[in-house]
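Working notes, beginning with the structure itself.
Number of protein chains: 2
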Amino acid sequence: MVTTWPKNFPGLGTGAQRFADRITAMTEGRLVVQVFAAGELVPPFESFDAVSNGRVEMWHGAAYYWQGKSPAFSFFAAVPFGLLASEMNAWVYHGGGQELWDELSAGFNLKCMMCGNTGVQMGGWFNREISSLDDFQGLTYRMPGLGGEVLRRIGANAVALPGGEIYPALESGAIDGTEWVGPWNDLAFGFYKIAQYYYYPGFHEPGSALDCGINLDFWNSLSEADQAAITAAAQAEVSVMLAEFDARNADALRTLLDEHGVELKKFPNDILNAIGEASGAVVREVGEGGDDITRRVYESFMRARATSIAWTKIAHSAYADARLLPFSY
Amino acid sequence: MVTTWPKNFPGLGTGAQRFADRITAMTEGRLVVQVFAAGELVPPFESFDAVSNGRVEMWHGAAYYWQGKSPAFSFFAAVPFGLLASEMNAWVYHGGGQELWDELSAGFNLKCMMCGNTGVQMGGWFNREISSLDDFQGLTYRMPGLGGEVLRRIGANAVALPGGEIYPALESGAIDGTEWVGPWNDLAFGFYKIAQYYYYPGFHEPGSALDCGINLDFWNSLSEADQAAITAAAQAEVSVMLAEFDARNADALRTLLDEHGVELKKFPNDILNAIGEASGAVVREVGEGGDDITRRVYESFMRARATSIAWTKIAHSAYADARLLPFSY
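If you read the sequences in order, they're chains A and B. Going by my numbering, the letters in the first sequence line up with residues 802 to 1130, in that order. Going by my numbering, the letters in the second sequence line up with residues 802 to 1130, in that order.
What follows is the structure in C-alpha cells.
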C-alpha cells in the first residue's frame, strides 16, 4: 500500500499503518499489507496511476488529490462549505454516495472507499487580525485546492506550499498566514511561535475523508472474507481516526491557549458569508462544469447537503449550544 | 448473540445483524454468529448475566441497561447532557475510556466494546406547547433512566413505558408526552398523528453508544485474528450505524415537517438551563456516590467532557453555524 503521507505522520500516517496492520491480522496473513511512505515507491500524487495500472495493489490518501482524473473525486474528500464528517458518512454509506463512487472508480479500474476522517479543520494562522474583507485583499495565504480558489475569489493571493516549506515561509514573511490541519498537527509544527492569531472555523475542509483505493482486478480476485475484512478495517478507521483527531485536537487546543497564549478568533460573519458565496460558486462550477458522472455526484451531494444541514442544526448543533448554557455540571 | 432489540428493529436490530454477519463472513465461518431477538433466548435485561456466566457468548445492547450491576456502565452509553457520539469515540478510543471499561467489565467476566451509536436523540412529542418550567409541573412524560430522573427533579411525572405501550398511552391521555429515539423511529411509530409538537434537543441521550459484551473466557480463547475481526466489526458499526441514523433521521425529519405538518420546537433556554442543572446533579450523584471504579470512570468522563466541549464549540458548532449564513450555494 502506497500512501500520500510521511511514514507514521500523526493521524494520517498512523491511521494508514493501523488499517494495514489490521487487515494483516484479520486475514491471518493471507493478505500482508506493507505500507510505503510518500515517495518511497512512487511519488505521492502518482499513487492513483500506480494502483490503477496494477503496479501496487492499494493506496491510502485523500480523494481530492485525484481531481485531475475527474473533478467528481473532490466530493469524496471535502469541498469548501460542504459536509461534516458525520454527514459524509451518512451520504456515502446510506445516501447513494458509495454507489456513485463505485461507478466513478470502476472507470479507472479501481475500487475506492472511505478510510478515515480528520474532522473539522481550523481556518489557520495569521500574524494580524482579520476584521473585514479588506484584510484579505492581497494577503498571501497558504491554502491549496478549492479552498485556495475560494480565497482568490475574495481577493487573497492563495498559494499551495508543501508542509515542510510553510514554517520558513511564514517566518520570513513570504506568506502572511497559513492553514494546515488542526490544533494537534499545528502545535507539532510550532506555528504559534511565529503567528499570534488562530482563526476558526475551517470552512475549506469541514470533514475531510481519507480514502483507500484498490486495484479493481485485485479486488475482484479476493475472497468474500478478505473483501469483508478490508471493508471492515476501512469503516473502523473512519470512526477510530476521527476519534484520534478529535481527542488530540481537544487536548492540543487547550495547550495552545493555556501554555502558548495563542489568541483564538472566529472569522467575522460578513467574511464567512462572502467566503460561503465564493464557495458555492466554486463548487457549482466544479459540479456543473464536469462530465455526466461529475454532475450526478454533485447533484447527489447537494441533496445530501440540504437534508443534512436541517438535521445537524436541530440535533448536533442545538444540543451543543444548549450544553453551553450557564448551568453547573 | 442475544440482543435487547426486536429482530431487525430499524437501526439497532439491523445494526446488530450486520455486525453478526460481518464477523461470520470475515472469519470464514470459524465464528458463526447467530442473532437472537430480545426475549427469544433470555429476557433482554438478563443478557448481561447470560453472557457473564457463559450461557451465551455475546450480547448486543446498550451499557445503561447494566447500571444495576454498576452505575459506572451508564457512562459508556449516554448520560443527560453528556457526550456527543464523536466525543464518546474520542474518549473511549483515545482518552482512556476503553481501559476503564475493560477494568470494570473484567470484574464481571466480560469484555465490552462500543458497537454502534444512535446520535443525538429528540426531546420528544407533546400535545401542548412547553413555554416555561411551569408546563412541566405534574406533566406525565415517558422518559426512562437518568433522563427521567432529571425530569422528576424539575417537577414532571416521568414514567418508563416499553415501546409497544407508548402510543395507546399517549392516545388515551394516560401520558402527556413521550420521547422515543429520533425522526426515523418516531415516524414509524406514528406519534405525529396524536401529538402536534416535536421538541429538540434531546438532552437526555446526546449520542447513545450501543455495546457488545463478550464472555471474557470465550474472548481469551479466541485467536488474535478472530479478536481483531470482532473489534473491527464493532468499530465499523460505530461509523455505519450512526451514519444510518443520521441519513434516515434527516429524511424522516423532512417528511414529518413537509408531509405531516408537525410543529418543530426548541425547548426554551431557561428550561434547558434548569434541565442542565438537574442533569449535573443527577450525574454527579451517580459518579460520586458509587464505588472506586465508578468514581474513576466519572472523573475520566468529566475531564473528557470539559475538553471536548471547547473543541466541539470551535470546530463542529462554529462551522455548522457559519453554514447557516444567507450565502447562496
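Each residue gets a CB set at the ideal place from its N, CA and C atoms; glycine is no exception. Computed from a predicted structure; not experimentally measured.
Secondary structure note for V960 (chain A): its beta strand (DSSP E) is the uninterrupted segment N958 to V960.
Per DSSP, reduced to three states, the secondary structure at W1112 (chain A) is helical.
Counting only Cβ-Cβ distances below 8 Å, P872 (chain A) has no contacts in chain B at all, with the closest Cβ about 17 Å away. For the segment 851-884 of chain A, the residues whose beta carbon sits under 7 Å from a beta carbon of chain B are, in order, F882. Between the beta-carbon of V1063 (chain B) and that of Y968 (chain B) there is about 16 Å, and that puts the pair past the 8 Å contact cut. The Cβ atoms of L940 (chain A) and A957 (chain A) sit closer than 8 Å to each other. P963 (chain A) sits exposed, since fewer than 16 C-beta atoms from the chains shown fall within 10 Å of its C-beta.
Of the candidates B:H1061, B:D1052 and B:T804, the residue whose Cα lies closest to the Cα of I1110 (chain A) is B:D1052.
Following the DSSP letters along the chain, one finds N928 (chain A) in no beta strand (DSSP E), marked with neither H nor E. If the five residues before and after T979 (chain B) are omitted, its C-beta is found closer than 6 Å to the C-beta atoms of G925, W926, R943, I967 and L971, all from its own chain and listed in chain order.
V803 (chain A) sits close to A851 (chain A), with the two beta carbons spaced by under 8 Å.
The Cβ of L988 (chain A) sits no closer than 8 Å to any Cβ of chain B. Taking C-alpha positions only, P1127 (chain B) is separated from F1004 (chain A) by approximately 15 Å.
I931 (chain B) is positioned such that its CB atom lies closer than 8 Å to that of I1072 (chain B).
The DSSP-derived three-state label of E1064 (chain A) is strand.
Leaving aside the five residues that flank L832 (chain A) on each side, the residues in its chain whose CB is nearer than 7 Å to its CB run, in chain order, I824, T825 and D1027. For Q818 (chain B), not one C-beta of chain A is nearer than 8 Å to its own C-beta.
Judged by DSSP secondary structure, R954 (chain B) falls within the alpha helix (DSSP H) whose first and last residues are G946 to R954. Judged by DSSP in its simplified three-state form, N854 (chain A) adopts coil rather than helix or strand. Taking the beta carbon of Q1036 (chain B) as reference, the chain A residues within 7 Å of it are A1037, S1040 and V1041, listed in sequence order. If you check the CB distance, F877 (chain B) and A864 (chain B) come in under 8 Å. A direct Cα-Cα distance of roughly 16 Å separates A959 (chain A) from A1075 (chain A). DSSP places H895 (chain A) inside the alpha helix (DSSP H), whose first and last residues are A886 to H895. I931 (chain A) has a beta carbon lying at 8 Å or more from every beta carbon in chain B. Take R954 (chain A), set aside five residues on each side of it, and the residues of its chain with a beta-carbon closer than 6 Å to its own are A1079, in chain order. With a threshold of 8 Å between beta carbons, R823 (chain A) makes contact with chain B. Counted as a single uninterrupted DSSP element, the beta strand (DSSP E) harbouring I1015 (chain A) occupies residues A1010 to N1016. When the five nearest sequence neighbours on each side are left out, the beta carbons in the same chain lying within less than 6 Å of the beta carbon of V880 (chain B) are those of L947 and V1084, in order along the chain.
Close to G896 (chain A), with beta-carbon spacing below 7 Å, are these residues of chain B in chain order: A1048. In the same chain as P1002 (chain B), and ignoring 5 residues on each side of it, the C-beta atoms closer than 7 Å to its own belong to V921 and G924, in chain order. Under the DSSP definition of a beta bridge, L971 (chain A) lacks any partner.
Of the candidates B:G1014, B:M914 and B:C916, B:G1014 places its Cα closest to the Cα of F846 (chain B). G816 (chain A) sits close to E1038 (chain A), with the two beta carbons spaced by under 8 Å. Chain-order list of chain B residues neighbouring W926 (chain A): empty, with the shortest C-beta distance near 14 Å, by a criterion of under 8 Å.
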